[in-house]
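Each remark here refers to the structure printed beneath this line.
Number of protein chains: 2
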Amino acid sequence: MRIFPANPLFQGIDSGSLPALLDCLGARTERFERNSVVFAAGASAPELGLVLSGAVRVERPDFWGRRTILGRAEAGETFGESFSLGLSGGSGPAPVSAVAAQDSEILLLNYNKVMLSCTSACSFHTRLIRNVLALLARKNMGLLHQIDLLTRPGTREKVLAYLSDRAEQGGKTAPDGRGVVVEIPFNREELADFLVVDRSALSRELGKLRDEGLIRFERNRFELLRGAAEAL
Amino acid sequence: MRIFPANPLFQGIDSGSLPALLDCLGARTERFERNSVVFAAGASAPELGLVLSGAVRVERPDFWGRRTILGRAEAGETFGESFSLGLSGGSGPAPVSAVAAQDSEILLLNYNKVMLSCTSACSFHTRLIRNVLALLARKNMGLLHQIDLLTRPGTREKVLAYLSDRAEQGGKTAPDGRGVVVEIPFNREELADFLVVDRSALSRELGKLRDEGLIRFERNRFELLRGAAEAL
DNA sequence: TGCTGTTCGTTGCAAAAACAACGGCGCTCT
DNA sequence: AGAGCGCCGTTGTTTTTGCAACGAACAGCA
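In the order they appear, the protein sequences are chains F and S. Mapping of the first sequence onto this note's numbering: residues 24 to 255, in sequence order. Mapping of the second sequence onto this note's numbering: residues 24 to 255, in sequence order.
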């Protein structure tokens, strides 16, 4: 639970007043086991979730079997902002689902209560709203980024762009100094769904990239070699 | 200028105190002629724009000639929220450009000033922030919606989904009652860029749809006939 | 050990999309 | 009137993608 004060959602809020604030927000924690849905697309407006442990996958099913993975929230991250707010009245159907990627513990906040002023007891409410605003803006950038990936003209470009991103954010230089190592939170099928390409096409392209000496990989561990970024 | 009080950005704010607020925000209006850039991708963090007259196209160029059109802000709408906020310090490079689609008049707000508390003179600042939050959430939903379009499996699906959307939002029943008429703000090339498909593929598909009796069209005026929605 | 389920690479084939080039139509400007 | 230009449809060709199916490697488990 030490995660709370550290979270951007509660930045600038005295940890002593957190319990009162959480109470005011109708916060509750729930456990979800792997592959269970936190909230489902089509259901009425969900809540704001903060992952305490585990991880959550945000995805959008379309009505013939496909799914698109929109993102992943690891422990300490939030998901589901922008709904109920973005939905006009506050209660339209959610366009996405959230699914526990592992057994998870999640703090759920009632979004309406987040937005509406509460009694003066919650002096930090205004600060909270700013924090949510910042979060939303960040999410927004994230979506823009995803659109950036999706609009790449081909599978190869998508993969390279994705790996480059990961490398910039969390890459470590390889032991032999020949490249950058990144680990991705997806398996092949999930990655394909995330990039919206066919799994086999993805495998094909990864193979080509390996043969051309641009990358090396094993499972979800990828190594970008010199030239991979330039090949974009 | 009557547009101000009506705008969601200023909802709940006494129109009498608007001038003071605007002054506090470093607001200024500027004119842009057709095809001139309001702010460019890569430049440092832009501002929040409110279209007073004309229209603005938000697009993202990638570094080999392609562009993706992310949206369009007509008179009365805002654009460029989420930057400078989403950008960590408040001054990273913007990932998108805004281009005047017509001769336009635009109110520009300094985003930092929007976020930072100002002197007590601006009692409406808090309300403004909430309004921005709502706007951002809405934009967020819009982006989600766009991802929804982009992830459709083919050109046909993209086109139909796009037209259906437009029809739901602003469609009028056709004079002969045989369908719904929508006018779109794009020409063919722009529409192709918006949906991220080839222009010729778009034309081909439109032709097929016409031949199959699902739609009729001329220029940027489309008519969705019965069955078009079901064909999705 | 043997069974089973999952993940991943591979490949042939069919469908779809991108590319490129051309022609028509309507507009504006001189 | 004629030239220039923007917008749109059309079509042939090449390239890419999606689909389906198979097999290998591996992990969990009785």
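Every residue, glycine too, gets a C-beta built ideally from N, C-alpha and C.
Proximity below 8 Å, CB of residue i to CB of residue j
i                  : j                  : result
Leu-73 of chain F  : Leu-32 of chain F  : yes
Arg-242 of chain F : Ser-226 of chain F : no
Leu-214 of chain S : Tyr-134 of chain S : no
Ile-152 of chain F : Arg-153 of chain S : yes
Arg-80 of chain S  : Val-122 of chain S : yes
Thr-91 of chain S  : Thr-174 of chain F : yes
Pro-118 of chain S : Arg-83 of chain S  : yes
Leu-248 of chain S : Leu-237 of chain S : yes
Phe-209 of chain S : Ser-127 of chain S : no
Val-205 of chain F : Leu-186 of chain F : yes
Leu-172 of chain F : Leu-218 of chain F : yes
Gln-169 of chain S : Ile-207 of chain F : no
Val-182 of chain S : Glu-246 of chain S : no
Thr-149 of chain S : Thr-196 of chain F : no
Rounded distance between the beta-carbons of residue j and residue i, thought under 8 Å
i                  : j                  : result
Gln-125 of chain F : Ala-63 of chain F  : About 18 Å separates the two Cβ atoms, so there is no contact after all.
Ser-105 of chain F : Lys-162 of chain F : 6 Å
Arg-51 of chain F  : Leu-158 of chain F : Incorrect: roughly 20 Å between the Cβ atoms, too far for contact.
Ser-76 of chain F  : Ala-96 of chain F  : Going by Cβ atoms, the distance from Ser-76 of chain F to Ala-96 of chain F rounds to 12 Å, so no, they are not a contact pair.
Glu-180 of chain S : Ile-129 of chain S : Between Ile-129 of chain S and Glu-180 of chain S the Cβ distance is about 35 Å, and since that is not below 8 Å, they are no contact.
Phe-147 of chain F : Leu-44 of chain F  : 6 Å
Residue-level contact to chain F via CB, residue i, 8 Å cutoff
i                  : result
Asp-171 of chain S : yes
Ile-238 of chain S : no
Leu-183 of chain S : no
Gly-36 of chain S  : The displayed chain sequence assigns Ile, not Gly, to residue 36 of chain S. It does not; no Cβ of chain F falls within 8 Å.
Arg-83 of chain S  : yes
Pro-208 of chain S : no
Val-61 of chain S  : no
Ala-124 of chain S : no
Val-79 of chain S  : no
Thr-196 of chain S : no
Val-203 of chain S : no
Thr-149 of chain S : yes
Val-74 of chain S  : no
Asn-159 of chain S : First, the residue type needs correcting, since residue 159 of chain S is Leu and not Asn in the sequence shown. It does: the Cβ of Leu-159 of chain S has a partner Cβ on chain F nearer than 8 Å.
Leu-132 of chain S : no
Thr-174 of chain S : yes
Contact with chain S by residue i, beta-carbon distance below 8 Å
i                  : result
Lys-162 of chain F : yes
Arg-233 of chain F : no
Thr-178 of chain F : no
Val-220 of chain F : no
Ile-152 of chain F : yes
Gly-112 of chain F : Because Gly-112 of chain F carries a pLDDT of 48, less than 50, the predicted location of this residue cannot be relied on, and the following value inherits that uncertainty. Closer than 8 Å: no.
Ser-223 of chain F : no
Pro-31 of chain F  : no
Pro-118 of chain F : yes
Leu-93 of chain F  : yes
Thr-101 of chain F : no
Ser-105 of chain F : yes
Thr-214 of chain F : Note that residue 214 of chain F corresponds to Leu in the displayed sequence, not to Thr. No, Leu-214 of chain F lies away from the interface with chain S (no Cβ there is under 8 Å from its Cβ).
Leu-156 of chain F : yes
Leu-167 of chain F : yes
What runs of the alpha helix (DSSP H), each 4 residues or longer, lie entirely inside the stretch 195–240 of chain S?
Within the stretch 195–240 of chain S, the complete alpha helix (DSSP H) segments at least 4 residues long are 211–218, 222–234, listed from N- to C-terminus.
Length at least 4, wholly inside the stretch 147–189 of chain S: the alpha helix (DSSP H) runs in chain order:
148–173
On the three-pair Cβ rule with 8 Å, is the stretch 53–67 of chain S touching the stretch 186–195 of chain S?
no
Inside the stretch 25–105 of chain S only - alpha helix (DSSP H) runs reaching at least 4 residues:
26–29, 41–47
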